[in-house]
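Counting in this note's numbering, the sequence shown runs from 1 upward without gaps.
Written out below as structure tokens is the structure these notes cover.
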Amino acid sequence: MQGTYAEIYHAWRDDPDGYWAELARDIDWFTPPSRIFDGNDGVYGRWFPDAAGNTCHNCVDRHVAAGRGDTTALIYDSPVTGRKARYSYEALLAQVNAMAAVLADAGVAKGDRVIVYMPMIPEAIFAMLACARIGAIHSVVFGGFAASELAARIDDSAAKLVVTASCGVEPNRVVAYKPLLDAAIDLARNKPERCLVLQRPELAADLVPGRDVDLGQALSAAAGRMVPCAALAATDPLYILYTSGTTGQPKGVIRDNGGHMVALAWTMRALYGVEPGEVYWAASDIGWVVGHSYIVYAPLLNGSTTVLYEGKPVGTPDAGAFWRVVEEYKVSVLFTAPTAFRAIRKEDPEGRFVKRHDISSLRALFLAGERADPDTIRWAEAVLGVPVIDHWWQTETGWAIAGNPLGLGALPVKHGSPTVTMPGYDLRVLDDAGHEVPPGTLGNIALRLPLPPGCLTTFWNADERFRTACLSEFPGYYKTADAGYVDEDGYVFVMARTDDIINVAGHRLSTGAMEEVCASHPDVAECAVIGVADAVKGQVPAGFLVLKSGVSRESSVVEQEVVGLVRDRIGPVAAFKTAICVKRLPKTRSGKILRGTMQKIADGLDWKMPATIDDPAILDEIAGVLSERRIG
């Protein structure tokens, strides 16, 4: 669909079915849709209810059939192991066929669930696409997850089979996966029938006779076999993705096949501005939604080249790791989390590593996954010399709710805003009673139903839980659980999770606004602001600051200056009197700062070590700091 952003958004508003019907023509269907949306099916409706197709066919087979088999589909780059590989679309098709044959030989059929518990290696992508090929439902669990959390996902999905590797490789350690998997299966009520184990050179795993299969040997034996793509209903599930940070009963987001293909294919062209054959790199992990949508499915649907990177933004080997990859593979568009850039900035505040590499191929940087503070965006703009585009979405939506559509002609940037609402989403800002608030007023961000194609259809085996958690508080809307506002120009500002809006003496204040001010201090690399219980004011804010490398000034001086900045820019109403310098902030592996857990520690409440935490020792450090500093 051609046109400017405004034209396309209005085309969707005027005729939603016609809009999605036109975009659906970009998909190679086995049975094209004659109906676009059925509001009486599913929890809030179903997209393309009478269509049939196959996601793997659209990601791989159709490009080979179109004569593009020699085009590079996948680049694997692993600085932690020193291995690199390239796969053309034709080679990818052969690998996926072999993996599909191995799955079929193990008894996996349409509708069965397969856990993929893998590091960032090509076989993980082969497994995801092979499941899509035969109609199995994959559930990727971040490699190295604790046994108890893995067991909960095995049980909730009733997984028939697990695909895993002997180990994962971190910059300074090798993580044995097999003992974690064995412990998880011991804990699980549901026992997978088979485990396919890829033996990596760094560490061999012991295999359980009768249950475990050497995946490398099985793939070699299956080389050359062809497995046809199953004709799947557009409404059939493609995958289950368990959201990060869940406690107790896991919350499995379900993505369907048809709507997912239509939405993601459109975003590659319209939002990211990427053409077939161009190199696109989402520097994330396949365990998270970004990895599902933009390492695996969207680039391959588009016929682009995707980069699978087994490494970190710093430490593999230095803060120039990203720029080496951009130069080596001529990356056109890079997508990563703001926390990655804060880490790079902390190690290389002057951007010297950027100057050592030719990054002239790079047209744009996209940021999502954590609020992109204006100071980080300005730094990235200065050192890269390309547009830096913030966009906002969730595991539940699978693609951007708000963004700046590079492929339609980028709109003017407002720092701190992910720009405008994407076609398909009807975004409203509501007060706690469900009434719309005026422009510029902070409130609950909600999306009018139905959600567009590509969003979750429900939670796995938990329709009522989905209704209660996401749809019941504001009838007729999906609750994003994010707070923010829309300005007079229609620009969206996402300021915090609703849980992170703090109430100081009756004033609702955004921790995100305070973090913007803290991050503007020239010595601060990254920060987090939380609300701490206070007997008089209800809550008071506390800021945690990580300083840039090389800062020699006393931390107490920086803390006092940051307190002064917040007082000057937000005002005394914020009651911001406490800033604390720490070595690191606790984060999930996807880069989200664990503000909620920090707040529980500060308030002296019971708290549980999050399953997704990157380094548990950091929370112990935070607890130690908080025990020394009285807040509130």
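Backbone N, C-alpha and C fix where the C-beta goes; we use that ideal spot for every residue, glycine too.
Query	Result
Quick one: what's got a C-beta closer than 7 Å to G245's C-beta in the same chain, skipping five residues either side?	Residue placement at G245 cannot be trusted, given a pLDDT of 41 that sits under 50; what the coordinates show is reported in the next sentence. Only T588, P610, T612 meet the Cβ criterion.
Tell me, please, which residues DSSP counts as bridged to P299.	DSSP output for P299 lists no bridge partner at all.
I'd like to know whether the C-beta atoms of L334 and L362 end up nearer to each other than 8 Å.	yes
Out of curiosity, what's the CA-to-CA distance linking D263 and D482?	Inspection of the sequence shows that residue 263 is occupied by Ala rather than by Asp. Taking the straight line from one Cα to the other gives about 22 Å.
Let me know the secondary structure DSSP gives T441 once reduced to three states.	coil
Buried or exposed for M226, going by 16 or more other Cβ atoms inside 10 Å?	exposed
Who are the Cβ neighbours of A124 in its own chain at under 7 Å, not counting the five residues just before and after it?	V116, M118, I286
Check whether the Cβ atoms of K537 and V563 sit closer than 8 Å, and answer yes or no.	no
Using only alpha-carbon positions, find the residue among V331, W379, L207, R371 that is nearest to G348.	Inspection of the sequence shows that residue 348 is occupied by Asp rather than by Gly. It is W379.
With a threshold of 16 other CB atoms inside 10 Å of the CB of S417, please say whether the residue is buried or exposed.	buried
Would L605 be called buried (16 or more neighbouring beta carbons within 10 Å of its own) or exposed?	exposed
Which residue spans inside the segment 518-578 form an unbroken beta strand (DSSP E) run of at least 3?	524-534, 538-547
Provide the residue span of the alpha helix (DSSP H) that contains C131, from first to last.	122-134
Run through the DSSP bridge pairs and tell me what D61 is partnered with.	BP columns for D61 are empty, so no partner.
Taking the straight line between their C-alpha atoms, what separation do you get for V64 and D70?	8 Å
Around the Cβ of K178, are there at least 16 other Cβ atoms within 10 angstroms (buried) or fewer (exposed)?	buried
Starting from the Cα of G216, find the closest Cα among A446, E526, Q199 and give me that residue.	Q199
Give me the DSSP bridge partner(s) of R46.	D38
Tell me whether Y9 is buried or exposed, calling it buried when 16 or more other Cβ atoms sit within 10 Å of its Cβ.	buried
If you compare alpha carbons, which of S78, R25, D38, Q95 is closest to C56?	Q95
Just to confirm my understanding: we take V509, look at its own chain, exclude 5 residues before and 5 after, and list those with CB closer than 8 Å. What are they?	In the sequence as displayed, the identity of residue 509 is Leu instead of Val. Around L509: I501, I502, N503, P541, I570, V573, A574.
Going by C-alpha to C-alpha distance, which of I121, L93, A132, P122 sits closest to D112?	A132
So what's T336 in DSSP terms, helix, strand or just coil?	strand
Taking only three categories from DSSP, how would you classify D615?	coil
Find the nearest neighbour of T421 within the set P452, L442, P438, E436, judged by alpha-carbon distance.	P452
With a Cβ-Cβ cutoff of 8 Å, do A319 and I344 count as a contact?	yes
Would a check of beta-carbon distances place D28 closer than 8 Å to chain D?	The displayed structure is made up of one protein chain only, and chain D is not part of it.
Nearest-angstrom Cα distance between V423 and A233?	It should be pointed out that residue 423 corresponds to Pro in this sequence rather than to Val. Rounded to the nearest angstrom, the two C-alpha atoms are 24 Å apart.
Taking the beta strand (DSSP E) that L180 falls in, what are its first and last residues?	Element bounds for L180: not the beta strand (DSSP E) but the alpha helix (DSSP H), 178-187.
Who pairs with F493 in a beta bridge, going by DSSP?	Y485
Pull up the CB-CB distance for V253 and E396, whole angstroms please, since I reckon it's below 8 Å.	6 Å
Given a cut-off of 8 Å on the beta-carbon distance, is the pair I445 and T468 in contact?	no
In the segment 359-405, which residue ranges form an unbroken alpha helix (DSSP H) of at least 4 residues, counting only runs that do not cross its ends?	374-384
How would you call Q394, buried or exposed, if buried means at least 16 neighbouring beta carbons within 10 angstroms?	buried
What residue does the beta strand (DSSP E) around V162 start on, and which one ends it?	161-165
Between which residues of its own chain and A91 is the CB-CB distance below 6 Å, once the five residues before and five after are set aside?	none
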